[in-house]
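Top line first, the protein sequences correspond to chains A and B.
Heads up: the first sequence at position 577 corresponds to 577 in my numbering, and the numbers run straight through without jumps.
Heads up: the second sequence at position 241 corresponds to 1241 in my numbering, and the numbers run straight through without jumps.
The C-beta atom is built at its ideal place from N, Cα and C for all residues, glycine as well.
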Amino acid sequence: MTDSKYFTTTKKGEIFELKAELNSDKKEKKKEAVKKVIASMTVGKDVSALFPDVVNCMQTDNLELKKLVYLYLMNYAKSQPDMAIMAVNTFVKDCEDPNPLIRALAVRTMGCIRVDKITEYLCEPLRKCLKDEDPYVRKTAAVCVAKLHDINAQLVEDQGFLDTLKDLISDSNPMVVANAVAALSEIAESHPNSNLLDLNPQTINKLLTALNECTEWGQIFILDCLANYTPRDDRESQSICERVTPRLSHANSAVVLSAVKVLMKFMEMLPKDLDYYGTLLKKLAPPLVTLLSAEPELQYVALRNINLIVQRRPEILKHEMKVFFVKYNDPIYVKLEKLDIMIRLASQANIAQVLAELKEYATEVDVDFVRKAVRAIGRCAIKVEQSAERCVSTLLDLIQTKVNYVVQEAIVVIKDIFRKYPNKYESVIATLCENLDSLDEPEARAAMIWIVGEYAERIDNADELLESFLEGFHDESTQVQLQLLTAIVKLFLKKPTETQELVQQVLSLATQDSDNPDLRDRGYIYWRLLSTDPVAAKEVVLAEKPLISEETDLIEPTLLEELICHIGTLASVYHKPPSAFVEGSRGVQHKRLPGSAGSGESVESPDTGSAAGVSEAPPAVIPSQGDLLEDLLNLDLTPPTTTGPPPPASSGMQMGAMDLLGGGLDSLLGGDLGGGPAMGTGFGAPPAAMPASFNVPVSGGLDDLFDLGGGVGMPMGVFNPPKTVWLPAMKAKGLEISGTFVRRAGVIQMEMTLTNKAMSVMTDFAIQFNRNSFGLAPAGPLQVLTPLSPNQSIEAALPLSTVGPVMKMEPLNNLQVAVKNNIDVFYFSCQYPISMLFAEDGKMERQVFLATWKDIPNDNESQFQIKDCHLNSDAASNKLQGSNIFTIAKRTVEGQDMLYQSMKLTNGIWVLAELRVQAGNPNYTISLKCRAPEVSQCVFQNYEMVLKN
Amino acid sequence: MIGGLFIYNHKGEVLISRVYRDDIGRNAVDAFRVNVIHARQQVRSPVTNIARTSFFHVKRSNIWLAAVTKQNVNAAMVFEFLYKMCDVMTAYFGKISEENIKNNFVLIYELLDEILDFGYPQNSETGALKTFITQQGIKGQTKEEQSQITSQVTGQIGWRREGIKYRRNELFLDVLESVNLLMSPQGQVLSAHVSGRVVMKSYLSGMPECKFGMNDKIVIDKQGKGAASDDAGKSSGKQSIAIDDCTFHQCVRLSKFDSERSISFIPPDGEYELMRYRTTKDIILPFRVIPLVREVGRTKLEVKVVIKSNFKPSLLAQKIEVRIPTPLNTSGVQVICMKGKAKYKASENAIVWKIKRMAGMKESQISAEIELLPTNDKKKWARPPISMNFEVPFAPSGLKVRYLKVFESKLNYSDHDVIKWVRYIGRSGIYETRC
């Protein structure tokens, strides 16, 4: 006999017929009828009208029938609460049944009926079942407590069920323990601060014992619960790890992944020099690889997790590249994930193999996959410098295939390669330009436009190319519009004579005809820059671009840490914290990795040692410099700022932009009420009043609006050293020069006072520098109003550029100067504060900072003490900011403020600093890391100078 | 935890719907149908999030199984559970098909009630389940029987019941390996691994304690050190194999394996998978495929493929099949092969060459001329790899079973009385050569 016939009854009057059958005297007929009801219920028909008739069938010895009725009850009790009461008696009676299977069935079903009146009756039977002699009943009752808690949390607490549940953790039966752990973990999730899961070494020991004996599912519950524990010290951590590692050989992938989670978390606490630490790392790789021979869905889960694991601990799988090679028949979701991991694992050692594979993938069928493969080739080029050349030629081969999306993708990545290795591969530009017409995606168009703008001087017909884009300006996406604007301004700055018309056209398109505020703003800024100071415009628009990071798509460190604590779960599959996709209070708790135990110092665990202890990261000790990165990863950083489409110029000109707007706003606010219309005309005016030449200042409202005033652009609190005598009169036949260096709005100036202490008039001043460490050179002639009469002083400001010839000096910031006048040539040397060379765009992206800090070898690190400084960290940070030393992040550990700072020298050298300030202690400690460690001494002196003044 | 479990047919009609949690409503059933089944696209992810509800789905022939949740569940566990659910259903009523599911829907509901409680998976070992979910009712059980059932379901040895008796104690061991290969057109091994399974059928009385031994390099080397070192070097050199990783059925004592690397267990009754393993070193690749593809103009391809068998001449490989992909615009194919039969299958876009048997150290060859329709499609043909299927009577990893000892102290049979059978089968996994 088969049951499928129950699905086929769709006649009219069916409910009526069923009702009759349900009330039939014949047992068989009744059972048949109930089956039909369940079948209807399954396909979504409303059979709630039959409630009383079905419930009447409940009193039966036939277990199969009983289970069907229960199924019905669970579905409809909520809609018929009053009738559901009719069932209570049977439940209560069944809970006393001599057969444990029936007792368990009753308590299991009763918990699923979400009707308040029923839950009241549930308490007594549940209490009995929790202490039942049969483990099968106890394990069912344990889960039932969680069910009841979901319906009425207060009731569970009042009835003391939580304590009973806790007792079950010590039960003799492993499955009871596992279910109790599962129930308690779930309840604890909705009470983040309760001390519910009282994890202490004793309970942990019990859990570990049960772990060896219970079902595969129970092992998962226990391991997931263990992962919430914070061991007291590294020894306890190691002993737990030792007892968890055998689980890595379990056939159930979920057991393996949960064990990996526990190990990844507890490993944080083990000292890295411990032998066991290395052993553990080695043990983790094989099981992770084995997960890849599971069914595809599980492979997907495993790969998403491996993606996290290689970001946190790349060493585990660095030799396992081959297993991530894509198989032809892998489902697309597995292919895409494998590709991601391949890029992460790519290194100089395996790059040849990886490239050969990627090239193969780029000819496959699936568009997304091919795109990703092409993108991956570009990322390899950026990551492994030695491979860049091969990658570029591979990309060119791919461009030759003329497959539209391949070409577009290739152009996007080539743009990044140009960024990373400027002036190396420009020979391919011609090939790229051939494909201009086939580009129809905004990202590819924007990338191509960027390339044309950036290398405008090498592309003969750059103006034509850009002009062709301009025709359909309004139909382009914002990304392309912005890029086009910037590119044409670049072009204009490089070839001003031929392209004036073009730049006017784009500026007017951007400012007048667009209703996109970003585009308008950028248009106005360029316009204003070009019209006031083309030299400044050149410096801003054609500024040197910041480094691009080698690793892309890295997960933000705090999030990564949280996700590591969620290995195996949905969060790790989505790469999102649970709070992003779980409603209500569950899972909103943020998990953290425990701090490392470093040089033997143990991390104190909170006395409670409870779930609450986990949610608050245990106080981390910073033991040594080597561990700084770990701590950096712990930083509570501000949310990442989203970087817009890739306008490289914008980061370079951010500073100027801010000042411009600041200035404009000031004058706006300063004006009277008439400012309103003035503003209107101000914005409306420029196109009409647009003069032919940009050098003539724009008149009218715009002028006022943008009037900057002299001081704008100088952040407050800039420290400039006082003038000192560089050349005493005795040594220079009566000419005394004292001077200092200042940096204003990105321009370095040497400010000098020239005093004539001789008896005769001095004329014909000129100045020259010897070659020096940073290529400082006068940007113009020395402007001295001649003649300089005896006993007269004169102020002279000499703008400096940093593009002069370079020679390393001792000390590094030494500058040898020759000054000539009508009498003689005089030589002197002076030292400039290195902060003069700190560029305005020296604020590093946090991601980049982390990667760079890690990247710079520890040998390049130097540490200094700054004594007797009485500023607090914020004041120090502000003061340093004035000298273009940017604070990227701040963190407070045990009253010690740690400031992470970056600065960039005009020659592109980055210096990273960690400044530690302890309240009440006037001595600061500063650690500097730089690829050119020789600058550290100078930088330190500069810190000292700035902070003490 | 799992909030609900649905089973659909290929049209998206619900066959089974069981809701465990209050946060999953009936609309979830429809959401999945509309967004995944009716989307009729290739599945881009086995986890789909629709309106803050996550659907974990697997497909078995035409049937979709979906587990639904709104919480941050253990994703690996959910998939493992879905596979287990399929295993259990197969063990009860055979193939998972619409018909079988409809025929057994009452049973499936009963199983779902038992193995998933409030979304938490419970004991799902078929052996244990079959003792009390029988579709016969439990009327006839005595009290002893009942408590035996419950202690088995919850007990430490949930996979075996007490009191099993056989007249003849017998066990069968199958070492089943699938050898996977990806080779470049030039014959360079890009990746190769063997994933193997040791499947055991045990018909043993009582609660026997078993110990399984194989030529695991770590064990052999350890023993070699203990014994006289001179001949140990000889024996361990060739005969032992390096196992990259292995996983075991839950009956195996993992902590003992971790500390002593010995595999000891009380086996379930009947057929089950004792272990899985993976090796990558010193793999015997049973066949080598040498492809030669030449494009003659725009409308013709010449393909020549040579296969060489690489094992003892006394052994015979079976069920050999070579699959040579052809472009989509193929209009006609002429094939000549030395051995076996070859056919162009237009529906599969491939030439399929079948050879029934082939001895070791032999060579065979096929050549084909493929006529192409001229197209203006710019995209080049992706040239999928040539794949191969076969079966050989040895383990390509080199694994050998050294012993399987059986101890049952309470009953009066010893290791010698047990009849043991061992068989090695090597099959092709994904065995591909790029061309």
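Minimum Cβ-Cβ distance from residue i to chain A less than 9 Å
i, result
"Arg1044 of chain B", "yes"
"Ser1017 of chain B", "yes"
"His1057 of chain B", "yes"
"Ile1149 of chain B", "yes"
Residue i - containing beta strand (DSSP E), residue span
i, result
"Asp1245 of chain B", "1245-1248"
"Gln1122 of chain B", "First-last for Gln1122 of chain B: undefined, no H or E at that position."
"Arg1052 of chain B", "From DSSP, Arg1052 of chain B is part of no beta strand (DSSP E); its letter is neither H nor E."
"Ser1264 of chain B", "1263-1265"
Residue i and residue j closer than 9 Å at C-beta
i, j, result
"Thr1279 of chain B", "Gly1398 of chain B", "yes"
"Thr1154 of chain B", "Val176 of chain A", "yes"
"Ile1007 of chain B", "Val1014 of chain B", "yes"
"Pro1327 of chain B", "Pro1385 of chain B", "no"
"Asn860 of chain A", "Arg931 of chain A", "yes"
"Leu298 of chain A", "Leu291 of chain A", "yes"
"Gly775 of chain A", "Pro728 of chain A", "no"
"Thr394 of chain A", "Leu358 of chain A", "yes"
"Gln792 of chain A", "Asn821 of chain A", "no"
"Ala210 of chain A", "Pro174 of chain A", "yes"
Boundaries (first-last residue) of the alpha helix (DSSP H) holding residue i
i, result
"Gly111 of chain A", "100-112"
"Val935 of chain A", "935-948"
"Asp53 of chain A", "51-56"
"Met41 of chain A", "27-42"
"Trp1381 of chain B", "That residue, Trp1381 of chain B, is in no alpha helix (DSSP H); it is neither H nor E in DSSP."
Residue i burial status per 10 Å Cβ neighbour count (16 or more: buried)
i, result
"Ala84 of chain A", "buried"
"Asn942 of chain A", "buried"
"Tyr924 of chain A", "buried"
"Asp463 of chain A", "buried"
"Pro100 of chain A", "buried"
"Cys1346 of chain B", "Per the sequence shown, residue 1346 of chain B should be read as Ala rather than Cys. Exposed."
"Val1034 of chain B", "exposed"
"Val365 of chain A", "exposed"
"Phe741 of chain A", "buried"
"Val1001 of chain A", "There is simply no residue 1001 of chain A to check, as chain A begins at 1 and stops at 949 in what is shown."
"Asp171 of chain A", "buried"
"Thr497 of chain A", "exposed"
Short CB-CB distance (under 9 Å) between residue i and chain B
i, result
"Gly587 of chain A", "Its pLDDT being 49, under 50, Gly587 of chain A is placed unreliably in this model, and the coordinates cannot settle the point."
"Ser111 of chain A", "A quick correction: the sequence has Gly, not Ser, at residue 111 of chain A. By this cut-off, Gly111 of chain A is an interface position."
"Pro100 of chain A", "yes"
"Thr42 of chain A", "yes"
"Gln348 of chain A", "no"
"Asn959 of chain A", "The displayed coordinates of chain A run from 1 to 949. Any statement about residue 959 of chain A would go beyond what the structure contains."
"Glu186 of chain A", "yes"
"Asp672 of chain A", "Because the pLDDT at Asp672 of chain A is just 39, under 50, the model does not fix this residue reliably, and the point stays unresolved."
"Cys144 of chain A", "yes"
"Val301 of chain A", "yes"
>> Please give the ranges of any beta strand (DSSP E) in the stretch 768-846 of chain A, keeping only runs that are unbroken, at least 3 residues long and fully inside the region.
In response: 793-801, 814-820, 825-831
> Considering only residues of the stretch 184-235 of chain A, which uninterrupted alpha helix (DSSP H) runs meet the minimum length of 4 residues and lie entirely inside it, listed in chain order?
Replying inline: 201-213, 216-226
> Of all the alpha helix (DSSP H) runs that stay within the bounds of the stretch 1013-1048 of chain B, which reach a length of 4 or more residues?
Replying inline: 1026-1032
> Residue ranges of each beta strand (DSSP E) run of no fewer than 3 residues wholly in the stretch 1294-1372 of chain B, ordered along the chain?
Replying inline: 1300-1309, 1316-1325, 1330-1337, 1341-1345, 1350-1359, 1363-1372
> In chain order, which continuous runs of the beta strand (DSSP E) of length 3 or greater are located wholly inside the stretch 1104-1190 of chain B?
Replying inline: 1170-1183
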